[in-house]
Structure formats: C-alpha cells, structure tokens
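Right, one structure below, let's go through it.
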Amino acid sequence: MTLRTRLAGSLALVALLVAAAVGLLSYHAADDRVYGEIDQNLRTISAAVVAGETQVLATVAESDSPRRPDGPPLVAQVVAPDGTVMGE
Numbered sequence: 004m005t006l007r008t009r010l011a012g013s014l015a016l017v018a019l020l021v022a023a024a025v026g027l028l029s030y031h032a033a034d035d036r037v038y039g040e041i042d043q044n045l046r047t048i049s050a051a052v053v054a055g056e057t058q059v060l061a062t063v064a065e066s067d068s069p070r071r072p073d074g075p076p077l078v079a080q081v082v083a084p085d086g087t088v089m090g091e
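Letter 72 of the sequence shown, counting from 1, is numbered 75 in this note's numbering, and no numbers are missing.
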C-alpha cells in the first residue's frame with residue numbers, strides 16, 4: 004500500500020468521523036429543542052387549565068394558529084397523582 008493510499012484512507016476516515024460527530028450533535032440539539040418546546044407548551048396549557056381558562060382547549064381550527072387549521076380538537080384531562088381522572 005502506497006503512502007498516497009494510506010493518506011487518502013486516513014483523511015477519509017477523519018472526514019467520516021467529523022461528519023458523524025456533527026450529525027449526532029445536530030440531532031441531539033434539535034431533539035432537546037423540540038422536546039423543550041413541547042414541555043413548555045404543556046406547562047403553559049396546564050397552568051391555564053388549572054387557572055380556569057377553558058379557551059386554551061379550543062380546537063386548532065378555532066384558534067389563530069396557521070400550523071394545522073384542520074387539526075383535531077385539543078383534549079385535556081386532570082389526573083391525580085395516583086392516576087385517577089378527576090372531575091368526572
């Protein structure tokens with residue numbers, strides 16, 4: 004095996020490792036961001052429901068959200084720490 008072949012192989016391996024590391028870091032950052040936003044939205048809606056604001060339970064079609072105008076209604080339940088559904 005010539006020096007040129009070994010050098011090309013080594014550089015290809017380094018490029019592969021760098022690309023894999025960038026991909027994994029990007030995936031992890033996006034995953035954290037998505038789950039963080041979902042968690043924040045759930046906290047906000049839960050706090051509003053606890054405060055008695057029932058308009059947060061309006062359907063997506065009734066809200067001003069441009070994301071899914073034909074989406075399903077948002078349904079919520081109040082669940083006790085032991086797992087029983089409250090308010091029924």
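Ideal Cβ positions, reconstructed from N, Cα and C, are used throughout, including at glycine. All figures in this text were calculated on a predicted structure; none of them were measured in a lab.
How long is the line joining the alpha carbons of residue i and residue j, rounded to whole angstroms?
i          : j          : result
residue 7  : residue 32 : 37 Å
residue 40 : residue 46 : 10 Å
residue 12 : residue 25 : 20 Å
residue 9  : residue 16 : 10 Å
residue 23 : residue 5  : 27 Å
residue 20 : residue 56 : 51 Å
Verify whether the separation of the beta carbon atoms of residue i and residue j is less than 7 Å.
i          : j          : result
residue 50 : residue 59 : no
State the beta-bridge partners of residue i as determined by DSSP.
i          : result
residue 81 : 89
Would you say residue i faces chain C, with C-beta separation under 7 Å as the test?
i          : result
residue 51 : The structure shown contains no chain C; it is built from a single protein chain.
Quick one: which unbroken alpha helix (DSSP H) runs of 4-plus residues sit fully inside the segment 12 to 48? Chain order, please. none
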